[in-house]
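Chemist:
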Amino acid sequence: MTIPVRLIVNGEMVEAAVLPRTHLADFLREQLGLTGTHLGCEHGVCGACTVRLDGAIVRGCLVLAVQADGAAVQTIEGVSDSGEIADLQAEFAARNALQCGYCTPAMLLTAQDLLRRVRVPDRAAIREHLSGNYCRCTGYQSIVDAIEAVAIARSQRADAP
Amino acid sequence: MKAAAFDYLQADSVGQAVALLSRHGDSAKLLAGGQSLLPALNLRLSAPALLIDIGRIASLRGIAVAGGVLRIGATVTHAELLASPEIASHAPLLTRAIAHVAHAAIRNRGTLGGSLANADPAAELPACALALGARILIDGPAGPRVVAAEDFFTGLFETVMAPDEVLVAVEIDLSPDAAWGFEELSRRSGDYAIVGLAAHRPRHGTPRLAYFAVGTSAILARHAAVALAQRGATPEGIAAAEAALADDLEPHDDPEASAAMRLHLARVLLRRVVGPWSRSA
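Spelled out as structure tokens, the structure:
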């Protein structure tokens with residue numbers, strides 16, 4: 022039994038038929054070819070599958086594709102192409118805030134989620150917000166550095182005359 | 292892993308959800324936020340034949356204050372609770388507790404009703420419901436009923452709800468000038484607690500001390516509450532309450548903590564939560 026769904030993915034209307042058991046991350050990867058959303062544990066622990074659903078970050082492995090019917094989804098591809106997080110991406114690269122890169126798309130989306138809500142979070146707040154995203158290369162220090170640097174740079178840009 | 296195959300139906304009303312549950316019995320499960328159910332499905336700990344999605348039922352949503360009662364719809368998410376000014380002013384215990392529930396991405400989907408109906412012994416919200424003396428509103432084939440939180444949780448992932456019933460809402464009587472507190476100990480931020488305590492003391496009345504991650508379900512420490520009510524949140528009262536916890540709790544051993552360590556930590560949390568009350572006692 023497949024179920025028809027209509028949703029907006031990275032600004033484009035998508036119509037598809039999905040199996041009920043297909044979760045959103047598999048749908049994005051397998052049916053839409055958007056493989057920037059990664060799958061680690063598939064039970065909500067590692068955070069690698071983070072995507073935006075109607076503007077809020079969610080676990081792509083813990084949302085069924087049918088539940089996203091009628092919703093707007095943004096993946097790392099969309100957020101990257103729009104330029105929204107270009108400064109975060111540049112800072113991650115400059116500070117080696119990734120080694121294998123598997124966790125990086127989700128780290129970026131989670132970091133941007135925090136920076137949209139808190140102008141300049143302190144390091145404890147950054148760590149708290151990232152606490153649901155695992156990096157198994159243990160690169161947290163430089164990830165926090167990068168996010169903190171971007172927060173400060175954005176606030177200085179906003180303050181500039 | 293991937294979930295085993297299942298069918299999926301959306302319920303448009305609570306009545307329709309109850310009818311579907313009645314028809315399909317134990318082979319069906321309700322889906323709301325899915326933040327506990329989908330991991331169980333993906334791990335194949337559970338393999339229902341049918342999921343009934345109640346996530347779009349309008350009557351299950353919303354937070355309202357009327358007639359001295361705070362009413363929270365079953366599918367209000369953790370994130371909505373955390374952001375709600377009504378919750379912050381009328382049930383600040385919930386606002387504090389929610390910050391300890393998992394992580395932002397999970398709080399954006401997980402629901403109050405789901406947490407209560409799942410009855411995970413290490414979850415924060417069942418203990419909050421006990422501490423706040425909440426009423427659980429349930430609907431089913433025989434019509435609606437109301438169950439006090441202290442009668443709702445019956446064991447490990449077990450509640451009084453029948454398989455064909457739906458948790459509809461939670462009601463909490465407003466309790467101005469109450470003392471309250473929340474603490475939990477966990478290895479890492481967002482992990483399940485090793486021990487946790489949600490506590491609430493109405494302006495006039497006995498405190499309610501609800502522990503979680505100690506034993507098979509969230510539990511009210513009644514002897515300790517009586518000790519506090521008799522002697523107040525004084526050093527003597529707190530010491531008596533700490534001693535009484537041995538009669539209230541049945542801590543379990545697991546790889547994270549022994550039963551003795553849990554009882555010790557339960558006492559530590561009691562001091563941390565109730566100690567500040569002495570200034571207002």
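If you're matching them up, the sequences are chains A and B in order. Under the numbering used here, think of the first position of the first sequence as 22, with each following residue one higher. Under the numbering used here, think of the first position of the second sequence as 292, with each following residue one higher. Built from N, CA and C at the ideal position, the CB exists for glycine as well.
(1) Which stretch, first to last residue, makes up the beta strand (DSSP E) that contains B/D545?
(2) Within a Cβ cutoff of 8 angstroms, which residues of the same chain sit near A/G57, ignoring the five residues on either side of it in sequence?
(3) With a threshold of 9 angstroms between beta carbons, is B/K320 in contact with chain A?
(4) What span of residues does the alpha helix (DSSP H) with B/D315 cover, start to end?
(5) Locate the alpha helix (DSSP H) running through B/H514, then write down its first and last residues.
(6) Could you confirm whether any beta carbon from chain B is found closer than 9 angstroms to the beta carbon of A/I24?
(7) Count Cβ pairs between the stretch 394-408 of chain B and the stretch 313-333 of chain B that sit closer than 8 angstroms; are there 3 or more?
(8) For a contact meaning CB atoms closer than 9 angstroms, what does A/T96 contact in chain B?
(9) Who are the neighbours of B/L373 on chain A, taking C-beta pairs under 8 angstroms?
(10) Could you check whether A/G61 and A/A69 sit closer than 9 angstroms to each other, using their CB atoms as the reference points?
(11) Which residue's Cα is closest to the Cα of A/G202: A/V30, A/C158, A/A172?
(12) If contact means a Cβ-Cβ distance below 7 angstroms, which residues of the stretch 148-174 of chain A contact chain B?
(13) Spell out whether any CB of chain A is found under 9 angstroms from the CB atom of B/I463.
(14) Exposed or buried, which one is B/P498 when buried takes at least 16 other CB atoms within 10 Å?
(15) Leaving out five residues before and five after B/L519 in sequence, what residues of the same chain have Cβ atoms less than 6 angstroms from its Cβ?
(16) Do we get a CB-CB distance below 9 angstroms when we pair B/S480 with the residues of chain A?
(17) Exposed or buried, which one is B/Q301 when buried takes at least 16 other CB atoms within 10 Å?
(18) B/V360 to B/S313, Cα distance in whole Å?
(19) Going along chain A, which residues have a C-beta under 9 angstroms from B/M292?
(20) Below 8 angstroms between beta carbons is the criterion; list the residues of the stretch 381-400 of chain B that meet it against any residue of chain A, in chain order.
(21) Classify A/H150 as helix, strand or coil using the three-state DSSP reduction.
(22) Identify each residue in the stretch 99-113 of chain A for which the Cβ-Cβ distance to at least one residue of chain B is less than 7 angstroms, and report them in chain order.
(23) Should B/L384 be listed as close to the ligand HEM, given that the test is whether its C-beta is under 8 angstroms from any heavy atom?
(24) Can you tell me whether B/H495 is buried or exposed, with buried defined as 16 or more other CB within 10 angstroms of its CB?
(25) Which residues in the same chain as B/A534 place their Cβ atom closer than 6 angstroms to its Cβ, once the five residues preceding and following it in sequence are excluded?
(26) Helix, strand or coil for B/H394? Go by DSSP, reduced to three states.
(27) Here's a check: name, in chain order, each residue in its chain whose Cβ is nearer than 7 angstroms to the Cβ of A/E169, leaving out the five neighbours to either side.
(28) Please list the terminal residues of the continuous alpha helix (DSSP H) segment that includes B/H491.
(29) Give every residue of the same chain whose Cβ lies closer than 6 angstroms to the Cβ of B/D317, excluding the five residues on either side of it in the sequence, and list them in chain order.
(30) Alpha carbon to alpha carbon, what distance is there between A/M22 and B/A379?
(31) Any idea what DSSP makes of B/L321, helix, strand or coil?
(32) Evaluate A/N117 with the Cβ neighbour count: other Cβ atoms within 10 Å of its Cβ, from every protein chain shown; 16 or more gives buried, anything less gives exposed.
(33) Label B/L465 either buried or exposed according to how many other C-beta atoms from any shown protein chain fall within 10 Å of its C-beta, with 16 as the threshold for buried.
(34) Can you give me, in chain order, the residues of the stretch 439-453 of chain B that have a beta carbon less than 7 angstroms from any beta carbon in chain A?
Modeler: Short version:
(1) Walking along the second sequence from the start, residue 545 of chain B turns up at place 254. Taken as a continuous stretch (DSSP letters only), B/D545 belongs to no beta strand (DSSP E), as it is neither H nor E.
(2) Start at 1 with the first residue of the first sequence, and residue 57 of chain A comes out as number 36. For A/G57, where only same-chain residues beyond five positions count, the Cβ hits under 8 angstroms are T96, I97, E98, S101, P126.
(3) In the second sequence, residue 320 of chain B corresponds to position 29, counting from 1. Chain A has no Cβ within less than 9 angstroms of the Cβ of B/K320.
(4) As a working note, residue 315 of chain B is residue 24 in the second sequence. Here the sequence assigns His to residue 315 of chain B, which means Asp is not the residue at that position. Where B/H315 is concerned, the enclosing alpha helix (DSSP H) starts and stops at 305-315.
(5) For the purposes of this step, residue 514 of chain B is taken as residue 223 along the second sequence, with counting starting at 1. Where B/H514 is concerned, the enclosing alpha helix (DSSP H) stretches over 513-522.
(6) By 1-based counting over the first sequence, the position of residue 24 of chain A is 3. Interface residue, yes.
(7) The stretch 313-333 of chain B and the stretch 394-408 of chain B touch, with three or more beta-carbon pairs separated by less than 8 angstroms.
(8) Taking the first sequence and counting its residues from 1, one reaches residue 96 of chain A at position 75. Neighbours of A/T96 on chain B: none; closest Cβ ~14 angstroms, over 9 angstroms.
(9) Here the question's residue 373 of chain B lines up with position 82 in the second sequence. Within 8 angstroms Cβ-Cβ: nothing; B/L373 doesn't reach chain A, min ~12 angstroms.
(10) Position 48 of the first sequence, counting from 1, holds the residue named residue 69 of chain A. Position 40 of the first sequence, counting from 1, holds the residue named residue 61 of chain A. With respect to A/G61, A/A69 sits close: the two C-beta atoms are nearer than 9 angstroms.
(11) Because chain A in this structure spans residues 22 to 182, residue 202 of chain A falls outside the shown range and cannot be described.
(12) So the list reads E149, H150, S152, G153, given in the order they occur along the chain.
(13) For the purposes of this step, residue 463 of chain B is identified with residue 172 of the second sequence, where counting begins at 1. Residue contact with chain A for B/I463: absent (no Cβ-Cβ distance below 9 angstroms to any residue of chain A).
(14) Residue 498 of chain B sits at position 207 when you count from the first residue of the second sequence. The residue in question, B/P498, is buried, as its Cβ has 16 or more Cβ neighbours within 10 Å.
(15) Walking along the second sequence from the start, residue 519 of chain B turns up at place 228. Here B/L519 has P498, G528, A532 as same chain residues with Cβ atoms under 6 angstroms from its own Cβ, once five neighbours each way along the sequence are excluded.
(16) For the purposes of this step, residue 480 of chain B is taken as residue 189 along the second sequence, with counting starting at 1. Residue-level contact by beta carbon holds for B/S480 and chain A, with a gap shorter than 9 angstroms.
(17) To locate residue 301 of chain B, count along the second sequence from 1; it is residue 10. Buried is the call here.
(18) Here residue 360 of chain B refers to the residue found at position 69 when the second sequence is read from its first residue. Here residue 313 of chain B refers to the residue found at position 22 when the second sequence is read from its first residue. Per the coordinates, the alpha-carbon of B/V360 lies some 31 angstroms from the alpha-carbon of B/S313.
(19) As a first step, residue 292 of chain B must be located in the second sequence, where it is residue number 1. Near B/M292 (Cβ distances below 9 angstroms), the residues of chain A are E63, H64.
(20) Within the stretch 381-400 of chain B, the qualifying residues are A393, H394, A395, A396, I397, N399, R400.
(21) Counting from 1 along the first sequence, the entry for residue 150 of chain A is found at position 129. Residue state, collapsed to three classes: helix.
(22) Residues: none.
(23) Only the bare structure without any ligand can be found here, which leaves the ligand HEM out of the picture.
(24) Position 204 of the second sequence holds residue 495 of chain B. Exposed, by the Cβ-count rule.
(25) Along the second sequence, one-based indexing puts residue 534 of chain B at 243. Once the five neighbours on either side are set aside, B/A534 has no close Cβ partner at all.
(26) If you number the second sequence from 1, residue 394 of chain B lands on position 103. Coil.
(27) By one-based count along the first sequence, residue 169 of chain A stands at place 148. The residues are R144, I147.
(28) Working through the second sequence from its first residue, we reach residue 491 of chain B at position 200. Run containing B/H491: none in the alpha helix (DSSP H); it sits in the beta strand (DSSP E), 486-492.
(29) Here residue 317 of chain B refers to the residue found at position 26 when the second sequence is read from its first residue. Cβ neighbours of B/D317 beyond the five flanking positions: P454.
(30) As a first step, residue 379 of chain B is located in the second sequence; it is residue number 88 there, counting from the start. As a first step, residue 22 of chain A is located in the first sequence; it is residue number 1 there, counting from the start. Between the alpha carbons of B/A379 and A/M22 lies a distance of about 44 angstroms.
(31) As a position in the second sequence, residue 321 of chain B is number 30, starting the count at 1. DSSP places B/L321 in strand when its eight states are reduced to three.
(32) Locating residue 117 of chain A in the first sequence gives position 96, counting from the first residue. Exposed is the call here.
(33) Here residue 465 of chain B corresponds to residue number 174 of the second sequence, with the count starting at 1. Flag for B/L465 reads exposed.
(34) Within the stretch 439-453 of chain B, not one residue has a Cβ closer than 7 angstroms to any Cβ of chain A.
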